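What follows is one structure encoded as structure tokens, with my remarks underneath.
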């Protein structure tokens, strides 16, 4: 009976539905969607902040009990029903159509700012061929008498990022103008995405051979080079030395749960869409375990060269700090330059502090501490466009390493963009919302054009502030809510026993006790706990943002400001705009049900009246 139902539904899906050329294309696409920029610039940061190796404990727990079960569920339900996110949840129950619409909306909004990051990557890539790199030195002022004040007070790397790239405004309420160079880079990024995506999985399947594999080649090259840099061991020691006390902090567990969740790209709808192009006789369980483990292994693998390079940077800054102090000491005490070196600096400093303490104190020497430089961490755009670019300056052949790094970032981001767009396009095609007279290539082009026009907000002077808002409020809470409804829908509405029979028909065996326990109890409970913890954390503080303001009295420190009320309202709107479809669609379907029942009641009443008249 199960086979007959499955065959009927497969025929219903249509013989013309696109299919992957081979299994490798499908796996590479799923891996490319899951493995993104967050693996390179957020996971290493979290490891460093939360006790190094100790962070791996809550991270792996979240992977086993939250990430893998949800990943398996999405791949299985998409493969079984052979539809995009809206079609899948509509077929389970018309009341759940809002879950698919929420996923589609999140994918669309995330794609807007995600491709803007790729535009920034392109800007840095184009400048990486210059010798010297443009972020190595400060530019001279308009009078050619000194360096630009903002650059001197911060650093050349900060100046190139905040002023020459973003031309950032002093606060979010000052919009500024469109930055033409970012507009061109954004248009280029969307054109490249469109070219790779123009015919759906037919072109995506070819592109992922490069976009999903090239980052691993670059990471390996960086790994070999980074391990030979002076100070690399300091960075690795800092990364992997466990600080078990941090496990007492509930924020560690919250960040670990959210990191594995977002890292696997769950609840976007892209994984459901990709798996819907599979033949139904495919081992989706093995695919889920493979994709999930590769994603997590990539995060750990990427951390090694990243922190080896950051250790090299910290050592370079530490030595520069001591050389500055050496110059001050040699000038003050008329000591020959060759007498004080980096090797005997500590000895000389102790000696002079003992013999001439007042003179040494008057020099106001810099405090040089390697641990302090290692503590100067950054995540997200800060790691990619500030910390890493500063480290590259001091590496031999810096242009080559800069080019490789930004090509790697672009490849990672491009693979993830395929999943975001697929999460939007596939549901629209399945629901026949694309006009029949319009070729799919034209519709895809229009979707990319509309996305480009909306994303122009991120090329304003205040664009970086808005991008952080989208990242924090679109790609966080809505995904937790969507995933919770997904697992509840499959387990308690579609029926976990029916779902298990479907998986047995597709893979040849029923899900084991681990999958059953996580789907029924553990994963929904973890999602609920993470959701409530997130609400408590957010409700307990007014959101703020760091503003880059050269006129700030403590510049180059960031000026932390609270969001204005109207911006805070937009933050709340973005958090609810996607998930509002879930109750709205359910309510709409319920009203339809009541109207149909009322209409049937009128029909029966009219029928009874007609029978009565005939009897009379």
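Numbering (our numbering), first residue to last: 57 to 672. For every residue, glycine included, the Cβ atom is placed at its ideal position computed from N, Cα and C. All values reported here derive from a predicted model rather than from experimental measurement.
When secondary structure is reduced to three states using DSSP, residue 267 falls in the helix class.
Close CB contacts of residue 388 within its chain, under the 7 Å cut and outside five residues either way in sequence, are with 415 and 419 (chain order).
With 16 or more neighbouring CB atoms inside 10 Å of its own CB, residue 128 falls in the buried class. By the neighbour-count definition (other C-beta atoms within 10 Å, threshold 16), residue 250 is a buried residue. Here residue 615 is bridged, per DSSP, to 603.
Contact between the segment 493-506 and the segment 118-136 is absent: fewer than three C-beta pairs spanning the two stretches fall below 8 Å. In the DSSP secondary-structure assignment, residue 196 is bridged to 203.
Residue burial is scored here from C-beta neighbours: residue 488 has fewer than 16 other C-beta atoms within 10 angstroms and is therefore classed as exposed. With a cut-off of 8 Å on Cβ pairs, the segment 449-458 is in contact with the segment 170-189, counting three or more such pairs. If the five residues before and after residue 216 are omitted, its C-beta is found closer than 7 Å to the C-beta atoms of 190 and 191, all from its own chain and listed in chain order. Between the segment 591-602 and the segment 206-214, the count of Cβ pairs shorter than 8 Å is below three; the stretches do not touch. In the three-state reduction of the DSSP assignment, residue 139 falls in the coil class, being assigned neither a helical nor a strand state. In this structure, the beta-carbon distance from residue 241 to residue 212 does not fall below 8 Å. According to the DSSP assignment, residue 551 belongs to no alpha helix (DSSP H), since it is labelled neither H nor E. Classified as buried, residue 542 has 16 or more neighbouring CB atoms from the shown chains inside 10 Å of its CB.
Per DSSP, residue 337 lies in no alpha helix (DSSP H) and is assigned neither H nor E. Assignment of residue 374 by DSSP, reduced to helix, strand and coil, places it in the helix class.
Taking C-beta atoms as the reference points, residue 578 and residue 121 count as a pair closer than 8 Å. For the pair residue 323 and residue 140, the CB atoms are not nearer than the 8 Å cut-off.
Judged by their CB atoms, residue 111 and residue 102 are nearer to each other than the 8 Å cut-off.
For residue 490 and residue 160, the gap between their C-alpha atoms comes out near 15 Å. Judged by DSSP secondary structure, residue 246 falls within the alpha helix (DSSP H) whose first and last residues are 236-253.
A Cβ-Cβ contact shorter than 8 Å links residue 290 with residue 370. If one requires a minimum length of 4 residues, the alpha helix (DSSP H) runs lying completely within the segment 87-158 are 93-97, 99-105, 112-118, 124-137 and 141-148, in chain order. Residue range 401-411 is occupied by the alpha helix (DSSP H) that includes residue 404. Under the three-pair Cβ rule at 8 Å, the segment 299-310 does not count as touching the segment 327-346.
Short of 8 Å from the beta carbon of residue 544, and not among the five residues preceding or following it, lie these beta carbons of its own chain, in chain order: 580. The beta-carbon separation of residue 462 and residue 181, rounded to 4 Å, stays under the 8 Å limit for a contact. Residue environment for residue 280: exposed (fewer than 16 other C-beta atoms within 10 angstroms of its C-beta). Residue 529 carries a helical assignment under DSSP once its states are collapsed to helix, strand and coil. Relative to residue 227, the option among 620, 639, 566 and 356 whose CA is nearest is 620.
In this structure, 539 is the residue among 601, 559, 539 and 608 with its C-alpha nearest to the C-alpha of residue 313. It is roughly 14 Å from the alpha-carbon of residue 511 to the alpha-carbon of residue 231. In this structure, residue 166 and residue 476 form a Cβ contact; the two beta carbons are roughly 6 Å apart against a cut-off of 8 Å. Going by DSSP, residue 213 is part of the alpha helix (DSSP H) stretching over 212-215.
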